[in-house]
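Below is one structure; the comments refer to it alone.
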Amino acid sequence: MNSVYTKQDYDAVDELLHYPEFLDRHLSGFQDTSEITVPDDPIEKVIFQNEAKKAIRKIAQNKGHILMVGRPGTGKSLLANMFKDVIDVSLGDYIRPKESIAAFPGKDDNHVRFAYASPEILDKQIEKITEDIDNARCNVEPFSLKEQIRQVNKVRNVLLFMTLSSLCLGFVFPQVFILTGLCGIGSIFMFMQANNHKVQERIQQDNQTGRKNEMKQLVDMIPEVLYDPRKDKDLMVCISEPDARSMKGGFRHDPYQSGNLQTPIHKRTYLGAHAKSPIIYIDELKTLVRSGYMSSLLEIMQNKEYILEGGKNTGSGAADRSENMLKANNIIIACCNHDTLSFLQSEGDGAFLSRIEDKGEIVQMESSVEETPETLMQTARYIKQEIISIGTEFRDTWGEIIEKEGYIGVRQRSEKIFGRTLPAGYVLKEREFTRNAVAEIVKELRCRASDGKLSAILRPINGIIKTAEHEAILENADFVTARHVKKALIEHMSLEGSLSKDSIRHKKELKNYISSMTDAIGYVVGLAVISSQASGQMFGQPLPIHCQINPGGADTVAASGKTGDIAKAAAQNVRASIKKTFRTIGAPYIGYEMHIEYIQAHGGVEGDSASIAMDVALISDYIKVPVNQKFGITGSLTGDIILAVGGVTEKVRSIMDPDLDMMGACVPWQNREDIEPLLVNVECEMTTNGEIPGVRIYRTEGKKDPFDIFFIKTKYHAYKILMGIEKNEFEDRMADRSRKDFEFMKSMKKPELEEDNHNSNTFLT
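Structure below.
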């Protein structure tokens, strides 16, 4: 067999071994992160997203819109906040609203009018109106019965005079005493009447019911200031659940609708983001789609003004609306994931996307970037930024304790938190990362991506950085080292990672049991990954597969269990590859039933990365050659060649634990660069198996526990490593088995033909 590997291929594998030197060389500009400076430009603090940063700067220049599409953790929210800071220092004085918005009563109780005016002028107008109302209140004459009291007192005085006069005459003329009694009774009655008027006057003056009702009508006419730019300085508002109430505004409900107690419409009005904020940031566009606000947003983006409506079917506010337009010249910054983007492309023929592109850009956030000297230094700078943030958090939380009790008090309090004794010189402050620790973070970013790239999903990395910081702090170490980062990676694991770890432990026991109970014919250790829903991180795990191939019957391939469409199609491709082999070697093909079983894959299987593993297991069962159970394999089989698959770094890393007793793995040639991060901080060398090149990694210091990773191009290379057979031997065994099956099928059919002939002769007789 002619070699498919060239000298350039072997040089390429040898070059992989120099990756640790490449990484160290491009991080040689510092010994630890204390030597790294953070840029003053807030946008430059976001790393890896060069295209998005260009778009942000562009729309900051021309006041356009932007839609950032990407996976969670790629920096969409961070860029939006940075955009606010940049535009604040550049154009903030010009785009910040300068006019207050006031509401006035409209043509009836259900209509309101809006006016834009300078805050100072509006304050003077409202102050004047209020002063006029106060004057009107003061000019209202208080309730008085003085005239009635004066008339009563006048009659009373006349009666008293007549009483005294008749009393004097009574001594001369006794009959006059009758007049004295009558006048005395009358004067007493008048005295009581005067007191009654005084009491009524006091009561009315205290209540003043008529005057208050009259003043309420005037007070209800005072304009309501709905927005004052002097009080609201923020340029951007973040709307987490966009709907008509939060975006447009509305009218509050008033339960008092009778007795002249109702609140006038302009005092029940409130404004939304469109009227108040120059920049509207919609953190997750999916919520806007769910709320059904998309059509209103499109109209406002087009017209830059809108009528405020009640938006209710019944109750107070149902018929409320404004008589004139509110201005809405907003910059829209929106974020979404790819599933929402697919919906937006079909919704209204992509009307929202068209509005964005009209005066802005749609930006695809990078989920991974090329590993270059620039991106490596960006990673180091990002770590430095997180260290500064951690230091700020420490000072905010412990600053007062440090000031009053010193670090001794901090240590004593921390011991109660951690439940253990801390070092005597324990100091709670941020630690800088050494260069090797930064390299470990780079390694993790490489492991979480593929094709020689760094993962741009950085939010999960923040937790690893913080955990490594705490590990160094608890040890009172001077720096965060690679050891602290490795420990943080073990502890800071997502739910899927924990499940994967448990699964690997179970698969180890399962693999050992299978190896002890079988001859390893038809069994192969495939490699699979599961993805974290939160971070997108992949976690590898071994996938035991068992296959059988039986002659005769239906010419089919069956993959049992919860197998996805792609996995089923991959099984069909494997069947087609085996049939092609029969045609190539000129062997008879009599039809075979092929059965594929993913052992205890209860969660289901999807993808084509196990197709080469299926092929190896089927061929092993067909030619009766055992498979080396200490090697895992992954790859997409297409004809005879093996193509690249995803998650190779995590797949291989999942079986490198010496406790699993695995000796190596076979990965597609095109995935060779995915092995580079596994070479960081370990001893390694080049190795070969025949013509097949590979890399040997020593998992234990002192060149112990070797682990071989071979880069295969064709399925024959997989047969060589896993079953120890060359292509010629493989074809001879296939042809020999095929002939035996053909002869067997002929022998089975001959008695049937003889019986058919016998029955036919009997019928003719």
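Going by our numbering, the first residue of the sequence shown is number 2, and it counts up by one from there. Yeah, the Cβ is synthetic: ideal placement off N, Cα and C, and Gly gets one too. Note that the structure is predicted; figures quoted are calculated from it, not measured.
Next on the checklist: Give the list of continuous alpha helix (DSSP H) stretches no shorter than 4 residues that lie fully inside the segment 330 to 409.
Outcome noted: With a minimum length of 4 residues, the continuous alpha helix (DSSP H) runs that stay inside the segment 330 to 409 are 339 to 347 and 352 to 359.
Checklist entry - Any idea if H275 is buried or exposed, counting beta-carbon neighbours within 10 angstroms, 16 or more meaning buried? => result One-based indexing of the sequence shown puts residue 275 at position 274. The residue is buried, with at least 16 neighbouring Cβ atoms inside 10 Å.
Next on the checklist: Can you tell me whether K213 is buried or exposed? The criterion is at least 16 other CB atoms within 10 Å of its CB, across all chains shown.
Outcome noted: Within the sequence shown, residue 213 is the residue found at index 212, counting from 1. Low confidence applies here, because K213 scores a pLDDT of 48, under 50, leaving its location unreliable; read the following figure in that light. Residue environment analysis places K213 among the exposed positions, since fewer than 16 neighbouring C-beta atoms fall within 10 angstroms of its C-beta.
Item to check | Proximal residues to D110 (C-beta, below 7 Å), its chain only, five neighbours per side dropped | outcome: Here residue 110 corresponds to residue number 109 of the sequence shown, with the count starting at 1. Excluding sequence neighbours, D110 sits near I266.
Next on the checklist: If distances are taken between C-alpha atoms only, which option among N574, P243 and V653 comes closest to S637?
Outcome noted: As a first step, residue 637 must be located in the sequence shown, where it is residue number 636. Residue N574 is the option with its Cα nearest to S637.
Checklist entry - Per DSSP, what kind of secondary structure is K747 in: helix, strand or coil? => result On the sequence shown, residue 747 is found 746 positions in, with the first residue counted as 1. Correct three-state label for K747: helix.
Checklist entry - Between which two residues does the beta strand (DSSP E) containing D560 stretch? => result For this step, residue 560 is matched to residue 559 along the sequence shown. Correcting the residue type first, residue 560 is Ala in the shown sequence and not Asp. First-last of the beta strand (DSSP E) with A560: T557 to A560.
Item to check | Span of the alpha helix (DSSP H) around N437 | outcome: As a working note, residue 437 is residue 436 in the sequence shown. Looking at the DSSP string, the run of the alpha helix (DSSP H) that includes N437 is R436 to C448.
Item to check | Inter-residue Cα distance where the pair is K625 and R26 | outcome: Along the sequence shown, read from residue 1 onward, the residue named residue 625 stands at position 624. Along the sequence shown, read from residue 1 onward, the residue named residue 26 stands at position 25. So the alpha carbons of these two residues sit roughly 50 Å apart.
Checklist entry - How far does the alpha helix (DSSP H) with H471 in it reach, from first residue to last? => result Position 470 of the sequence shown, counted from the first residue, corresponds to residue 471. Residues R460 to E476.
Checklist entry - Unbroken beta strand (DSSP E) runs of length 3 or more, entirely within the segment 688 to 732: which are they? => result 693 to 701 and 705 to 713
Checklist entry - With 16 as the cutoff for other CB atoms within 10 Å, does V425 come out buried or exposed? => result Counting from 1 along the sequence shown, the entry for residue 425 is found at position 424. At residue 425 the sequence reads Ala, which differs from the Val that was named. Per the 10 Å Cβ criterion, exposed.
Item to check | Three or more C-beta pairs below 8 Å linking the segment 16 to 34 and the segment 439 to 458 | outcome: yes
Checklist entry - Can you find at least 3 beta carbon pairs, one from the segment 46 to 56 and one from the segment 338 to 345, that sit closer than 8 Å? => result no
Item to check | Any 3 or more C-beta pairs closer than 8 Å across the segment 90 to 109 and the segment 389 to 407 | outcome: no
Next on the checklist: Within the continuous alpha helix (DSSP H) that includes L455, where are the two ends?
Outcome noted: Counting from one through the sequence shown, the residue named residue 455 turns up at place 454. Careful: L455 lies outside any alpha helix (DSSP H), inside the beta strand (DSSP E) at K454 to S456.
Next on the checklist: Along the chain, where does the alpha helix (DSSP H) containing M615 start, and where does it finish?
Outcome noted: Here residue 615 refers to the residue found at position 614 when the sequence shown is read from its first residue. Where M615 is concerned, the enclosing alpha helix (DSSP H) stretches over S612 to I624.
Next on the checklist: Using only the alpha-carbon positions, how far apart do R700 and I656 sit?
Outcome noted: Indexing the sequence shown from 1 puts residue 700 at position 699. Indexing the sequence shown from 1 puts residue 656 at position 655. Cα to Cα, R700 sits roughly 11 Å from I656.
Item to check | Three-state class that DSSP yields for F598 in the structure shown | outcome: Walking along the sequence shown from the start, residue 598 turns up at place 597. Sequence inspection shows Glu at residue 598; the Phe mentioned does not correspond to that position. Strand.
Checklist entry - Quick one: Cα of I102 to Cα of A118, how far? => result Within the sequence shown, residue 102 is the residue found at index 101, counting from 1. Within the sequence shown, residue 118 is the residue found at index 117, counting from 1. One C-alpha to the other measures close to 7 Å.
Next on the checklist: With a threshold of 7 Å on Cβ separation, who are the neighbours of V87 within its own chain once the five nearest residues in sequence on each side are excluded?
Outcome noted: Numbered from 1 along the sequence shown, position 86 holds the residue referred to as residue 87. These residues qualify, in order along the chain: P43, I44 and A61.
Item to check | Residues bridged to Q549 (per DSSP) | outcome: Counting from one through the sequence shown, the residue named residue 549 turns up at place 548. Bridge partners of Q549: H596.
Next on the checklist: So the candidates are F731, V370 and A335; which of them puts its Cα closest to the Cα of I283?
Outcome noted: In the sequence shown, counting from the first residue as 1, residue 283 sits at position 282. Answer by Cα proximity: A335.
Checklist entry - Between which two residues does the alpha helix (DSSP H) containing H27 stretch? => result Numbered from 1 along the sequence shown, position 26 holds the residue referred to as residue 27. Element bounds for H27: Y20 to H27.
Next on the checklist: Taking 7 Å as the limit between beta carbons, can you name the residues of its chain near Y11, skipping five residues before and five after?
Outcome noted: What you label residue 11 is simply residue 10 of the sequence shown in a count that begins at 1. P694.
Item to check | Whether Q303 touches R356 by CB criterion (9 Å) | outcome: Counting from one through the sequence shown, the residue named residue 303 turns up at place 302. Counting from one through the sequence shown, the residue named residue 356 turns up at place 355. A contact, by the Cβ cut-off of 9 Å.
Item to check | Three-state secondary structure (DSSP) of A572 | outcome: Taking the sequence shown and counting its residues from 1, one reaches residue 572 at position 571. Reduced to three states, the DSSP call for A572 is helix.
Checklist entry - Residues in its own chain within less than 6 Å of D520 by CB, not counting five upstream and five downstream? => result By one-based count along the sequence shown, residue 520 stands at place 519. Cβ within range, chain order: P627.
Item to check | DSSP-derived helix/strand/coil call for G498 | outcome: Your numbering for residue 498 matches position 497 in the sequence shown. Here G498 scores only 48 on pLDDT, less than 50, and its place in the model should not be relied on; the value that follows carries that caveat. Helix.
Next on the checklist: I need the straight-line Cα distance from K305 to F353, nearest angstrom please.
Outcome noted: Position 304 of the sequence shown, counted from the first residue, corresponds to residue 305. Position 352 of the sequence shown, counted from the first residue, corresponds to residue 353. Approximately 15 Å between the Cα atoms of the pair.
Item to check | T288 to S390 span [Cα, whole Å] | outcome: Residue mapping note: residue 288 aligns to position 287 of the sequence shown, counting from 1. Residue mapping note: residue 390 aligns to position 389 of the sequence shown, counting from 1. Spanning the two alpha carbons is a distance of roughly 30 Å.
Checklist entry - Is the beta carbon of V439 sitting closer than 9 Å to the one on A381? => result For the purposes of this step, residue 439 is taken as the residue at position 438 of the sequence shown. For the purposes of this step, residue 381 is taken as the residue at position 380 of the sequence shown. Their beta carbons are under 9 Å apart, which means V439 touches A381 by this criterion.
Next on the checklist: Can you tell me where the beta strand (DSSP E) holding G251 begins and where it ends?
Outcome noted: The residue labelled residue 251 in the question sits at position 250 within the sequence shown. G250 to F252 is the span of the beta strand (DSSP E), which, as asked, contains G251.
Next on the checklist: Report the CB separation of I620 from C667 in whole angstroms; it is logged as a contact under 8 Å.
Outcome noted: Within the sequence shown, residue 620 is the residue found at index 619, counting from 1. Within the sequence shown, residue 667 is the residue found at index 666, counting from 1. Between I620 and C667, the beta carbon gap of about 14 Å keeps them out of contact (Cβ cut-off 8 Å).
Next on the checklist: For the segment 569 to 587 against the segment 729 to 742, do three or more pairs of beta-carbon atoms, one drawn from each stretch, fall closer than 8 Å, so that the two count as touching?
Outcome noted: yes
Item to check | alpha helix (DSSP H) segment containing R421, residue limits | outcome: Numbered from 1 along the sequence shown, position 420 holds the residue referred to as residue 421. Here R421 belongs to no alpha helix (DSSP H), and DSSP marks it neither H nor E.
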